[in-house]
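First residue of the sequence shown? That's 42 in the numbering used here, and the numbers climb one at a time after it.
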Amino acid sequence: MRLATYNVEWFSSLFDDDNTLHDDGGWSARHGVTRAQQTAALGVVFQALDADAVMIIEAPDQGKTRSTVQSLERFAERFDLRASHAVMGFSNDTQQEIALLYDPAKLTVEHAPQGTPAGPEGAKGAPRFDSALRIDLDIDASEDLVVFSKPPLELDVTTKSGFMFHLIGAHLKSKAPHGARNDAEVLSFGIANRRKQLAQAIWLRARIDAHLAAGMPLMVMGDMNDGPGLDEFESLFGRSSVEIVLGQGDAGLFDPHARQALSRNLAAVPTSARFWIRQKKRYLQALLDYIMVTPDIRAKDAQWRIWHPLDDPECWQNAALRDALVTASDHFPVTIDLDI
């Protein structure tokens, strides 16, 4: 069985308010790429993945007239995908939802939010992800309220063979200092965003600990917007969000790409995203997308793969797939193949 996580840059812009693909010559939200070009590229990528389930980060918008589930299921129908059914959890106001596209012949999937609903007043520990977390972000003896702009998607999953596990799809807060007007604001916004992101990671980790205590096999996947050694604030705060979510020792989750990056040796670090930096006129590559699992899932002959068009030999040798991966999104899919 193959499961994937894939951040599709502004997937929502490819659909109209009736949840139908534009599939035309109008510009997509990707620079220099039309909606028809991005749609076709995504079709090539999803068909090549042929996954039993894809956790889609930045899924189409959910709103008064827009439906994430309907948009994704129409996309699946357009490209005749086995993963033809969609499920989502709590919607958000960023036009970037988290949803799972899956094959109903292979998987039974149910939205299964955990934690106590705390509302906007918040609670300590691990309240439900559409609530607020009360936590002291700056050690001033005063609690702050933290929310997920994109609440993680929690699912109970059962395979056709009867294997049951809990699946969490996450998109942690970006650390980028959006809106900063000068160097001082860049620093201030960067530190504030890092604090909020770490708080989200702590919240997610608390939920992971609860699942581990219950003995439930667990998989956490998505865009963590972070990784070891990615910015100068890591030395200030001590560790990355990825390290917090992974955990340590008997409570640790496993992702081979994260482990390689955390080794801090001189070997090349795998990457899952590629961004154009306008000021520097070059691309930045980073490891942002992960699939973390408990030991009982890793033991199911787990094999990970980043579908990077320049680094993965099979992707590179397949010109159509290579070009589609570059056109479709600024992130590349990450898959895990399992005997479940």
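Yeah, the Cβ is synthetic: ideal placement off N, Cα and C, and Gly gets one too. Just so it is clear, the structure is predicted and the values come from calculations on it, not from any experiment.
Where residue i falls, given that 16 or more other Cβ within 10 Å makes a residue buried
| i | result |
| --- | --- |
| L325 | exposed |
| D177 | exposed |
| M260 | buried |
| L351 | exposed |
| K237 | buried |
| G84 | buried |
| E138 | buried |
| R348 | Before going on, a small fix: residue 348 reads as Trp here, not Arg. Buried, since its Cβ has 16 or more Cβ neighbours within 10 Å. |
| R370 | As written in the sequence, residue 370 is Ser, which differs from the Arg given in the question. Buried, since its Cβ has 16 or more Cβ neighbours within 10 Å. |
| D264 | buried |
| K105 | exposed |
| K214 | buried |
| Q79 | buried |
| P258 | buried |
| R300 | exposed |
| Q289 | exposed |
| S202 | exposed |
Which of helix, strand or coil DSSP assigns to residue i
| i | result |
| --- | --- |
| E99 | strand |
| D177 | coil |
| W244 | helix |
| V85 | helix |
| I338 | helix |
| D287 | It is worth fixing the name first, because residue 287 is Leu in this sequence and not Asp. Residue state, collapsed to three classes: helix. |
| E195 | strand |
| A233 | helix |
| V187 | strand |
Residue(s) in a DSSP beta bridge with residue i
| i | result |
| --- | --- |
| W68 | T75 |
| G263 | A211 and Y331 |
| F316 | L325 |
| I139 | I98 |
First through last residue of the beta strand (DSSP E) which encompasses residue i
| i | result |
| --- | --- |
| H298 | Per DSSP, H298 belongs to no beta strand (DSSP E); it is in the alpha helix (DSSP H), P297 to L303. |
| Q344 | Q344 to I347 |
| P365 | For clarity, residue 365 is Ala in the given sequence; the question names Pro instead. Taken as a continuous stretch (DSSP letters only), A365 belongs to no beta strand (DSSP E), being part of the alpha helix (DSSP H) at A360 to A369. |
| T376 | V375 to D378 |
| E151 | L148 to H152 |
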